[in-house]
Amino acid sequence: MKWMTDRRRFMQLGGAALAGAMARPQFAWAVEGSTLRLRVGGDFQVLDPFGIIGELDDIIPRCTQVTLVRLGDAREGSELSLWGAEKMEWTSPTTLAFTLREGLNWTGDYGPVTAEDVKFSFERIAGSESAWAYQFDYLDHVEVIDERNGIIHLNAAYPPFDLIALPYYAGHIQCKAAVEAVGGSYTTEIPAQCGPYLFDNWEQNRKVTLKANPDWTGPKPDFDTIEFYIVADDQTALLAYEADAYDFTSLAPNSLRQVKSSMPSGATLIEAPSTRYTWLTINMNAEPLKDPRVRQAIQLAYDGEAVLQGAFDGAVPRATGVVAPGPYSRPSNIYAKRDVERARALLAEAGAENLRLSLISQSDSTSLTIAQIIQATLGEAGISVDIQPTESAAYWAAGDKTQGDGYKSIELVLMNFAGGLEPTENLVWFMPDQIGVYNWSFFDNSEFADLYAKASLEPDTEKRKAMFHRMEDLMEESGGFIFIAFEPYIAIHDENLRPSILADGHPDPVMFRKI
Amino acid sequence: MSCVDESPARAPGLIRKLARDPVGLAGLILVLGFLSMAVFAPYLAPYDPIKIDVLNKFQPPSPAHPAGTDQLGRDTLSRIIFGARTALTIALVSTGLAGVFGLLLGMIAGFGPRLLDNFLVLVFDAFSSLPMIMFALAVITVLGPGTNTLIFVILIVSIPGYARLIRAQTLSLKNSDFIMAERTMGASHIRIILWHVLPNVVGPLVIVLSMDIPVVIMLEAGLSYLNLGVRPPTPSWGNILYDGYTSLRFAPTMVIVAGIPLVLSTIGFTFLGERLRDALDPKIQIRGLR
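Sequences listed follow chains A and B, in order.
Quick note: the numbering used here has the first sequence finishing at residue 515, numbered continuously throughout.
Quick note: the numbering used here has the second sequence finishing at residue 805, numbered continuously throughout.
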């Protein structure tokens, strides 16, 4: 037979070869079966609870380690339930006794999870340089009774301890022997795991895979494999979701209208309030912002309504502080009403008519939208703002005192944090000792620090509420903050999936269910 | 005495030549159109391109806003018109400056002492080895995004190429008869470079520059798309494209409207550059290829 290679034949053969290749399983977008595919916004950096930074840093240990208690879905009230502990009880206002669940074992022949591991995990973070040390501010020590029993001793009655310290971040239990064997800390390789999943594979900046732990004796999760797909851009994430690249993704807060206008078929939208708070940091230490009149002028020139409409489609009200809306939130801002004329007068009084400030913002679409509205509205009061869109690593270095003296002179920064359930979890970042860490406003107020200490231990709800309100008043009066909003939580997922979303907006893959 | 007198096409003849050729004419019209758009932007744009109006965001095209409004309620058409100013300012300033520096350095390398030539060539090659996009991303991360950073990056990336071109041209002229004659008559190096070498090497550079302008326009748009180009609220075709991309589902016009000037300006400058090359390059004419 004579072989002919004309154009038509070439196309036919090429098409057949391509179709054959596409039919191979590894070409399929979706890995069906009991694989849960989640999209996250960034890769992990540190898995050791001592140095956890971003969302995946906490999500992975939530799967590979255990905590004594576990938080439920935020939409169902964030109920605490026992997890690594089979029993936990306040035996006095300062002692919390726990019994570890039987059958929890470390990988790598490190034996069972013990009360000694709990002691090691908590005490190494308490009083340390870790950003999560605040979770153990009131921890005195952990007493080991026997292998599975221990008592957590606090140095003061601190009712929110089990909510703040135990379910996440520094609450992930570590294997003492394994961590010490690797030098006392680790970054991307967990020395020993004990959770329902085991770390399986990491393709940097692309994908992380976890496999079910065959030795796990606790409640069996619904999925054998969890795959985290790392997609930074929310719009790309939405398009990839529509192409069935994964089963769940959170979306940009300003995408609600867009998604609602054409919901992908077979998808369910989650639209819920979140504890993620956004605010404008005004650095009181920066030369042009040292005059309180200038800071107040910025607060008065800010147009809160325009930001809410422009960035959040009016879906959320203006934040009145950093305490999430609820029983403890402040009724209103001090500078709730915009007054451009007064702002101009204050600037004139301070001799700062031609004020020019730089505004550092992350480069995602929501942040840039907010930054541009702030730029335009402050411009109406005669304040020129130069926006500096900054990628993530450079952004977080801007206010970090370990990165040089730049943190002293940054001017305006658009910030947002994943908040906690307990108000003190959100207020802690503005303590004086957080200057150059997360307190980028240089807000240094002793009354605030005293109130923080008192409110943490105060059992009376009304008194706590008054303290929180006063703390937020102090923040606003300092001129170092403009409270913008608690971002709405928007996510989309397959309709045959029941996700579990924690109060900080991060998914809890272990509790995802098939329906 | 100079070779400039022997140039294959003088200005009026050149324009006539371009005008006679449909491709050249199209390029010329497009380039002149975009240049006029940039120069007369304040008179052509119906609105202030940075004036926000959040209550009227994502308006579809209408008589009031022929290209609709963006996510902040800004008039897209006005931003496109002012975007031409951003794109062309960066493209013309950066390629112009790169051309001037490349010309000077190339002539110095070609006409100067051997040691200096070797050193400059080493520097040119070192800079040429930097991948443009990677270098741009690194510099922007350090210096922060902005028009000046963009111009700086384009200068650093472009100068070595132009300088190498000019050096090669200068070397080929260095030992030609008319330069030897000048030397014999006692002309200074400066005089020889400025009066005799310069007019003969500038032609090829103009062609390369005009061909590089669309590349720079695309680079600016690409980096602005990644929010690494011009700073907000400066209108740029690249950041309009990005804004369009983030609202692709219910405001697809933004992507289309921002894409059109990018496509047309690239076509315009490329057509014009090609036809300029054809008209100005004596070798092509001699070979009768044109």
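Ideal Cβ positions, reconstructed from N, Cα and C, are used throughout, including at glycine.
Pairwise C-alpha distance: residue j and residue i
| i | j | result |
| --- | --- | --- |
| B:Arg679 | B:Leu630 | 16 Å |
| B:Ser593 | B:Tyr562 | 6 Å |
| A:Pro507 | A:Gln388 | 31 Å |
| A:Ser261 | B:Arg764 | 8 Å |
| A:Glu102 | A:Gln193 | 16 Å |
| A:Pro264 | B:Val730 | 38 Å |
| A:Thr94 | A:Thr320 | 33 Å |
| B:Ser691 | B:Leu529 | 27 Å |
| A:Ala240 | B:Ser577 | 32 Å |
| A:Lys337 | A:Ser367 | 23 Å |
| B:His704 | A:Leu412 | 55 Å |
| B:Asn810 | B:Ile708 | The displayed coordinates of chain B run from 516 to 805. Any statement about residue 810 of chain B would go beyond what the structure contains. |
| A:Val31 | A:Tyr277 | At A:Val31, the pLDDT of 42 sits below 50, so the modelled position is not reliable and the matter cannot be decided from this model. |
| A:Leu36 | A:Asn283 | 43 Å |
| A:Asp234 | A:Glu242 | 12 Å |
| A:Phe228 | A:Phe448 | 40 Å |
Residue i (DSSP reduced to helix, strand or coil)
| i | result |
| --- | --- |
| A:Glu425 | helix |
| A:Trp396 | helix |
| A:Leu251 | strand |
| B:His580 | coil |
| A:Glu353 | coil |
| A:Ser81 | strand |
| A:Thr278 | strand |
| A:Ala345 | helix |
| A:Glu242 | helix |
| A:Val208 | strand |
| A:Lys408 | helix |
| A:His141 | strand |
| A:Gln12 | helix |
| A:Asn155 | coil |
| A:His493 | strand |
| A:Met511 | helix |
| A:Val413 | strand |
| A:Ser595 | Residue 595 of chain A cannot be examined here, being either before or after the span of chain A that is shown, 1 to 515. |
| A:Ala272 | strand |
| A:Ala485 | strand |
| B:Thr785 | helix |
| B:Leu645 | coil |
| A:Tyr229 | strand |
| A:Leu71 | strand |
| A:Leu166 | coil |
| B:Leu743 | coil |
| A:Asn445 | coil |
Rounded distance between the beta-carbons of residue j and residue i, thought under 8 Å
| i | j | result |
| --- | --- | --- |
| B:Leu665 | B:Gly744 | 6 Å |
| A:Ile490 | A:Ile151 | Their Cβ separation, rounded to whole angstroms, is 43 Å, which puts A:Ile490 and A:Ile151 out of contact at 8 Å. |
| A:Phe199 | A:Ser34 | Incorrect: roughly 18 Å between the Cβ atoms, too far for contact. |
| A:Thr275 | A:Leu421 | 7 Å |
| A:Gly195 | A:Val66 | 5 Å |
| A:Ile226 | A:Tyr197 | 6 Å |
| A:Leu38 | A:Phe248 | 5 Å |
| A:Tyr452 | A:Met431 | 6 Å |
| B:Glu735 | B:Ile605 | 5 Å |
| A:Gly42 | A:Ala232 | 6 Å |
Exercise. What are the residues of the region 362–382 of chain A that lie near chain B, defined by any Cβ-Cβ distance shorter than 8 Å?
Worked result: Answer in chain order: Ser363, Ser365, Leu368, Thr369, Ala371, Gln372, Ile373, Gln375 and Ala376.
For this session: Determine which residues of the region 655–687 of chain B have a Cβ less than 7 Å from any Cβ of chain A, and write them out in chain order.
Result: Answer set for the region 655–687 of chain B: Thr656, Gly659 and Pro660.
Exercise. With contact counted as at least three CB pairs below 8 Å, one residue from each stretch, are the region 479–497 of chain A and the region 460–471 of chain A in contact?
Worked result: The region 479–497 of chain A is not in contact with the region 460–471 of chain A.
Problem set entry | Residues, ordered as in the chain, of the region 388–415 of chain A that lie near chain B by beta-carbon distance below 9 Å | For the region 388–415 of chain A, which is checked against every Cβ of chain B, the residues closer than 9 Å are Gln388, Pro389, Thr390, Glu391, Ala393 and Ala394.
Problem set entry | Inter-stretch contact at 8 Å, needing at least 3 Cβ pairs: the region 147–162 of chain A / the region 70–78 of chain A | With a cut-off of 8 Å, the region 70–78 of chain A and the region 147–162 of chain A do not count as touching, because too few Cβ pairs lie within range.
Exercise. If you measure beta-carbon to beta-carbon, which residues of the region 573–605 of chain B are closer than 7 Å to chain A?
Worked result: Closer than 7 Å at the C-beta level to chain A, one finds these residues of the region 573–605 of chain B: Gln586 and Leu587.
For this session: Inspect the CB distances between the region 278–298 of chain A and the region 347–357 of chain A and report whether three or more fall short of 8 Å.
Result: Counting C-beta pairs with one atom in each stretch, the region 278–298 of chain A and the region 347–357 of chain A have three or more that are closer than 8 Å, which means they touch.
Problem set entry | Interfacial residues, the region 291–310 of chain A to chain B, with Cβ spacing under 7 Å | For the region 291–310 of chain A, which is checked against every Cβ of chain B, the residues closer than 7 Å are Ala306, Gln309 and Gly310.
For this session: Report the residues of the region 228–244 of chain A with a CB closer than 7 Å to any CB of chain B, ordered along the chain.
Result: Going along the region 228–244 of chain A in chain order, one finds Gln235 with a Cβ nearer than 7 Å to chain B.
Problem set entry | Members of the region 545–564 of chain B near chain A, C-beta cut-off 7 Å | Residues of the region 545–564 of chain B with a Cβ closer than 7 Å to any Cβ of chain A: none.
Exercise. What residues in the region 254–268 of chain A have a beta carbon less than 9 Å from any beta carbon of chain B?
Worked result: Within the region 254–268 of chain A, the residues whose Cβ lies closer than 9 Å to some Cβ of chain B are Asn254, Ser255, Arg257, Gln258, Val259, Ser261 and Ser262, listed in chain order.
Problem set entry | Selection of the region 725–751 of chain B by Cβ proximity to chain A, strictly under 7 Å | Cβ contacts with chain A come from Asn742, Arg746, Pro747 and Pro748.
For this session: Kindly confirm or deny that the region 735–752 of chain B and the region 365–384 of chain A touch, where touching means at least three C-beta pairs closer than 8 Å.
Result: They touch, by the three-pair rule.
For this session: Give, in chain order, every residue of the region 109–128 of chain A whose Cβ lies closer than 7 Å to some Cβ of chain B.
Result: Per Cβ criterion, the list is empty.
Exercise. Do three or more CB pairs link the region 171–178 of chain A to the region 54–71 of chain A at distances below 8 Å?
Worked result: Yes: the two stretches touch, three or more of their Cβ pairs being nearer than 8 Å.
For this session: Report yes or no: do three or more beta-carbon pairs, one from the region 295–309 of chain A and one from the region 332–350 of chain A, lie closer than 8 Å?
Result: The region 295–309 of chain A vs the region 332–350 of chain A: in contact.
Exercise. At a Cβ cut of 9 Å, what residues of the region 707–722 of chain B count as close to chain A, listed as they run along the chain?
Worked result: Close to chain A, meaning a Cβ-Cβ distance shorter than 9 Å, is no residue of the region 707–722 of chain B at all.
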